[in-house]
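Sequence order for the protein chains is A and B. Residues in the first sequence are numbered consecutively from 521, following this note's numbering. Residues in the second sequence are numbered consecutively from 265, following this note's numbering.
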Amino acid sequence: MSIASTDTPREVAPPVPREPLLCAPALALFLVMLLTPLIMTLVLSFNSFDFYEGIGSTFSLANYTEVLGDRYFYEIFGRTFAIALATTAICAIIGAPASYFLNRMDPFWRSIMVLIVLGPLLISVVVRTLGWAILLGNRGVINTALMNIGLIERPLKMMYTSGGIVLALVHVMIPFMVLAVWAALQRQDPATEAAAESLGAGPFTVFRRIVLPQAMPGVLSGSLIVFALSASAFATPAILGGRRVKVVATSVHDEFMNTLNWPLGAAMAMILVAAILITMIAWSRLVEDRVGRAYA
Amino acid sequence: MAFLELDRLTKRFGMITAVDTLSFSVDRGSFVSLLGPSGCGKTTTLQMIAGFEDVTSGRIMLNGRNLSAVPARERGLGIVFQTYALFLHMTVAENVAFGLEMRKIDKPERARRVKAALELVHLSHLADRYPRAMSGGQRQRVALARALVIEPELLLLDEPLSNLDAKLREEMQLELRRIQREAGVTTLLVTHDQSEAMALSDRVVVMEKGRLQQEADPFEVYDRPKTSFVSGFLGKSNSLRAEMGRDGRLRCAERVLTGPAAGLMPGAVEIALRPERIEVVDAASGIVSGCVTEKVFLGNQWLLRVATPLGDMIVLRRNAGRNEAGIGDTVGLTWNPEHLRILPAEGAA
Ligand SMILES: Nc1ncnc2c1ncn2[C@@H]1O[C@H](COP(=O)(O)OP(=O)(O)O)[C@@H](O)[C@H]1O
Ligand SMILES: [Mg+2]
Chain A
521 MSIASTDTPR EVAPPVPREP LLCAPALALF LVMLLTPLIM TLVLSFNSFD FYEGIGSTFS
581 LANYTEVLGD RYFYEIFGRT FAIALATTAI CAIIGAPASY FLNRMDPFWR SIMVLIVLGP
641 LLISVVVRTL GWAILLGNRG VINTALMNIG LIERPLKMMY TSGGIVLALV HVMIPFMVLA
701 VWAALQRQDP ATEAAAESLG AGPFTVFRRI VLPQAMPGVL SGSLIVFALS ASAFATPAIL
761 GGRRVKVVAT SVHDEFMNTL NWPLGAAMAM ILVAAILITM IAWSRLVEDR VGRAYA
Chain B
265 MAFLELDRLT KRFGMITAVD TLSFSVDRGS FVSLLGPSGC GKTTTLQMIA GFEDVTSGRI
325 MLNGRNLSAV PARERGLGIV FQTYALFLHM TVAENVAFGL EMRKIDKPER ARRVKAALEL
385 VHLSHLADRY PRAMSGGQRQ RVALARALVI EPELLLLDEP LSNLDAKLRE EMQLELRRIQ
445 REAGVTTLLV THDQSEAMAL SDRVVVMEKG RLQQEADPFE VYDRPKTSFV SGFLGKSNSL
505 RAEMGRDGRL RCAERVLTGP AAGLMPGAVE IALRPERIEV VDAASGIVSG CVTEKVFLGN
565 QWLLRVATPL GDMIVLRRNA GRNEAGIGDT VGLTWNPEHL RILPAEGAA
């Protein structure tokens, strides 16, 4: 008889994977805080509304056909997307070179510059936008100054225009672009620039052929963030656009708070969410096609 | 006239002198290694030759022209960076073609030369891959092809093999030598790995703390080191403190040792003795005797540490298929006096 078997290690049960469990609290929060209102808004968008009866719990696509069949709403959606696109493009054009210089600065100046770039994020959106209103108004700082030095006779119209909204949005969105591009630049090997130079490339060629393509993933991911945030921004267009220059977010707010037609507002909100999602997905597909092969 | 000549080259970063009046030369078509420990100024030297670092003083001559006023991109040197610095957004062929594009070479000629360069490094089948999808050794070859395709006057390599694992490194050493011979390009390699420097190069330039220690062929730097630093840095060496008497006799720990004529001034010296030049004999018949304190089996060799009156000495014995003396045994050590190297004592030079 052998007693050796008592020494053999017992079969150890494979450990229960703990990761899903650890994610549970965050997941629960995510479900409750984000998904619930979204689903309720979705349900609401199918309900009917009557000025006297209020919200009826019927189910129809009437709100969607109303929004999608009205030129007025097309104009609002069109403007929203134009503003978001312009903001994204300007952020990319300013942000990419800014990150490049930021990346090359010595650490002391870099930390100061990062603080300046991040500055807009540290100030409440309302305060920041009111600041822009003070600058851009007909009797605002800019117009008064220009008139005083005699460059213009009548004030330039900057408040209540899409241009004013884009300007203020660029101000607050630029940090997202700079941080995204900077992250991409930091991943790149600084020796690649020296390598290109040793192969005969001048400074401009190095930037265009070597630095920019490697920064592109950052520009593209930064664009995604900036576009989504600009398309759904509320406070800036509400203050700088007023009642005249409406975007989707401010129109939804009006439906909820003034007309009290919640179902119609919900339908608009859902269309905005869907449109942003589709744009983002199409965008990242495009990105994957263009740069994905090299970075797979 | 040497092909590449560094003349009292100096580089200071603020208070630090990274390269200190360094002079050496490289003959056309030869393979020279710049060898030294990390931080001794090798990369800085290479960067000055490449034109990425300004020269504090001294000059660099390449093929008779002074490089100091020539910007990096006009020097036309082939450089392989330690990190390879491949363009990750370009395919292998595009990487290699970049230098030719910059030289405005027309497309058919470009394609022909890219193909030839990739053949040289045995990578023709991967021309359309992206670098991310390649192994370390393959990236290394791409970097080589990219540097060689422009037919540089001089190829500069900064620790090109240090990112590879040991086995691949040995393979690449042979490859590197083959490619350099086939391309016939004058090459300067920077490395901290003495075995790499000795295996690859026609000549080795040893430096320490920014200064030249010795410039010679690999056999000579190993066998006739000029300083105790060189002797200790290249392979293993026993180093014994000794005194050169006025009578020309060598005294070490109260004993008189016979050694080769050193031609050194009387005073403190250092004796260097390679561990593989020491024979193990009976305790009575050695030049010194001592007790074995450590014994390590290295496969093809045994390493013994023996405590002798001269100090601790290490001995390497070829594994001849039998066991060596064990720990605690008393053994005698002997050597041919011609193998002693008498060097200026460290710090006295
Ligand atoms: N840009 C720099 N600024 C200040 N000191 C530097 C700089 N580059 C290198 N050094 C210093 O010069 C010395 C030599 O560096 P390096 O040439 O990189 O050595 P190696 O390549 O031999 O390891 C080191 O002491 C390093 O700290
Ligand atoms: Mg180095």
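Backbone N, C-alpha and C define an ideal beta-carbon position, used for all residues, glycine too. Predicted model only: the values in this text are computed from it and were never measured.
Report yes or no: is there a C-beta of chain A within less than 8 Å of the C-beta of residue i?
i        : result
Thr347/B : yes
Met366/B : yes
Ile369/B : no
Ile578/B : no
Ala612/B : In this predicted model, Ala612/B has a pLDDT of only 48, less than 50, meaning its place in the structure is not dependable enough to derive any value.
Run through chain B and tell me which residues come within less than 8 Å of residue i, C-beta to C-beta.
i        : result
Gly722/A : Arg337
Ile730/A : Phe351
Taking 8 Å as the CB-CB limit, is residue i close to chain B?
i        : result
Thr526/A : Its pLDDT being 45, under 50, Thr526/A is placed unreliably in this model, and the value from its coordinates should be taken loosely. No, Thr526/A lies away from the interface with chain B (no Cβ there is under 8 Å from its Cβ).
Ser743/A : no
Ser522/A : Note on Ser522/A: pLDDT 43, under 50, position unreliable in the model; no value is reported.
Along chain B, which residues have their Cβ under 7 Å away from the Cβ of residue i?
i        : result
Pro733/A : His353
Mind checking which residues open and close the beta strand (DSSP E) that includes residue i?
i        : result
Met577/B : Gly575 to Arg582
Glu435/B : Element bounds for Glu435/B: not the beta strand (DSSP E) but the alpha helix (DSSP H), Ala430 to Ala447.
Lys490/B : First-last for Lys490/B: undefined, no H or E at that position.
Trp702/A : Trp702/A -> not in any beta strand (DSSP E); alpha helix (DSSP H) instead, spanning Ser682 to Arg707.
Gln565/B : Gln565 to Thr572
Val378/B : First-last for Val378/B: Lys371 to Leu384, but that is the alpha helix (DSSP H), not the beta strand (DSSP E).
Ser568/A : Ser568 to Asp570
Pro608/B : Arg605 to Pro608
Ala282/B : Ile280 to Val290
Asp271/B : Leu268 to Phe277
Asn600/B : Note, Asn600/B: premise wrong, no beta strand (DSSP E); not H, not E.
Ala536/B : Gly531 to Leu537
List the residues of chain A whose Cβ lies closer than 8 Å to the Cβ of residue i, in chain order.
i        : result
Phe362/B : Ala716, Leu719, Ala721 and Arg729
Starting from the beta carbon of residue i, find every residue of chain A whose beta carbon is closer than 9 Å, and list them in chain order.
i        : result
Ile206/B : Residue 206/B falls outside the range modelled here, since chain B spans only 265 to 613, and no answer is possible.
Using a Cβ-Cβ distance under 8 Å, would residue i count as near chain C?
i        : result
Asp709/A : Of the chains in the structure shown, none is chain C; the protein chains are A and B.
Counting only Cβ pairs nearer than 9 Å, list the residues of chain B close to residue i.
i        : result
Thr712/A : Phe345, Thr347, Ala349, Leu350, Phe351 and Leu352
Identify the continuous alpha helix (DSSP H) that holds residue i and give its terminal residues.
i        : result
Ala609/A : Arg591 to Arg624
Pro640/A : Pro627 to Leu642
Phe362/B : Val356 to Met366
Leu408/B : Gly400 to Leu412
Ala665/A : Val661 to Asn668
Report task. Check whether the stretch 604-613 of chain A touches the stretch 671-681 of chain A, counting contact only when three or more Cβ pairs, one atom from each stretch, lie closer than 8 Å. Result -> no
**Report entry** Selection of the stretch 315-345 of chain B by Cβ proximity to chain A, strictly under 7 Å
**Finding:** Phe316, Ala336, Arg337, Leu341, Ile343 and Phe345
Report task. Scan the stretch 403-434 of chain B for residues whose Cβ lies nearer than 7 Å to a Cβ of chain A and list them as they occur along the chain. Result -> Ile414
Requested in this report: Could you tell me whether the stretch 631-646 of chain A touches the stretch 745-762 of chain A, using the rule of 3 or more Cβ pairs below 8 Å?
Outcome: yes
Query raised in the report: So does the stretch 741-750 of chain A actually touch the stretch 706-719 of chain A, counting three or more Cβ pairs closer than 8 Å?
Result: no
Requested in this report: Inspect the CB distances between the stretch 775-789 of chain A and the stretch 563-573 of chain A and report whether three or more fall short of 8 Å.
Outcome: yes
Query raised in the report: Would you call the stretch 343-355 of chain B and the stretch 415-425 of chain B in contact, with 3 or more CB pairs under 8 Å?
Result: Contact check between the stretch 343-355 of chain B and the stretch 415-425 of chain B: three or more CB pairs, one atom from each, fall below 8 Å, which counts as touching.
Query raised in the report: Counting Cβ pairs, one atom from each stretch, are 3 or more of them under 8 Å apart for the stretch 768-775 of chain A and the stretch 593-608 of chain A?
Result: Under the 8 Å Cβ criterion, the stretch 768-775 of chain A counts as touching the stretch 593-608 of chain A, having at least three qualifying pairs.
Query raised in the report: Using 8 Å as the Cβ pair cut-off and three pairs as the minimum, do the stretch 376-391 of chain B and the stretch 356-368 of chain B touch?
Result: yes
Report task. May I ask you to verify whether the stretch 488-501 of chain B touches the stretch 464-480 of chain B, counting CB pairs closer than 8 Å and requiring at least 3? Result -> yes
Requested in this report: Could you say if the stretch 370-381 of chain B and the stretch 407-414 of chain B meet the contact criterion of at least three C-beta pairs nearer than 8 Å?
Outcome: Result yes; three or more Cβ-Cβ pairs closer than 8 Å.
Query - Cβ contact (3+ pairs, closer than 8 Å) linking the stretch 447-457 of chain B and the stretch 291-308 of chain B - result: Note that the stretch 447-457 of chain B touches the stretch 291-308 of chain B; at least 3 beta-carbon pairs, one per stretch, sit closer than 8 Å.
Query raised in the report: Between the stretch 317-325 of chain B and the stretch 675-683 of chain A, do at least 3 Cβ pairs fall closer than 8 Å?
Result: no
Requested in this report: Decide yes or no for the touch test of the stretch 522-540 of chain B against the stretch 461-473 of chain B: beta carbon pairs closer than 8 Å, at least 3 of them.
Outcome: no
Query raised in the report: Per the contact definition of three or more C-beta pairs closer than 8 Å, is the stretch 494-506 of chain B in contact with the stretch 324-340 of chain B?
Result: no
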